[in-house]
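Notes to accompany the following structure.
Numbering (this note's numbering), first residue to last: 1497 to 1543.
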């Protein structure tokens, strides 16, 4: 019985890490997009 409980705990850990990693990748993508847009806008203003 304790073994199955440990398995459930590990599964919850894995699911949590997957959620955090996907959220981090999403955040990085948004930051990169913002940086690209900022550079493009800066270049357009320079012109």
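Ideal placement from N, C-alpha and C gives every residue a C-beta, glycine not left out.
Bear in mind that the values here come from a model prediction, so they are computed numbers and not experimental data.
* Roughly how many angstroms separate the alpha carbons of residue 1526 and residue 1532, rounded to a whole number? -> Residue numbering aside, residue 1526 sits at position 30 when the chain shown is read from its first letter. Residue numbering aside, residue 1532 sits at position 36 when the chain shown is read from its first letter. Spanning the two alpha carbons is a distance of roughly 10 Å.
* To do: May I have the straight-line CA-CA distance separating residue 1515 from residue 1530, to the nearest angstrom?
  => The residue labelled residue 1515 in the question sits at position 19 within the chain shown. The residue labelled residue 1530 in the question sits at position 34 within the chain shown. Residue 1515 and residue 1530: Cα-Cα distance of roughly 23 Å.
* To do: For residue 1511, collect the residues of the same chain with a Cβ closer than 8 Å to its Cβ; drop the 5 residues on either side in sequence, then sort them by chain order.
  => If you number the chain shown from 1, residue 1511 lands on position 15. Nothing listed; no residue qualifies.
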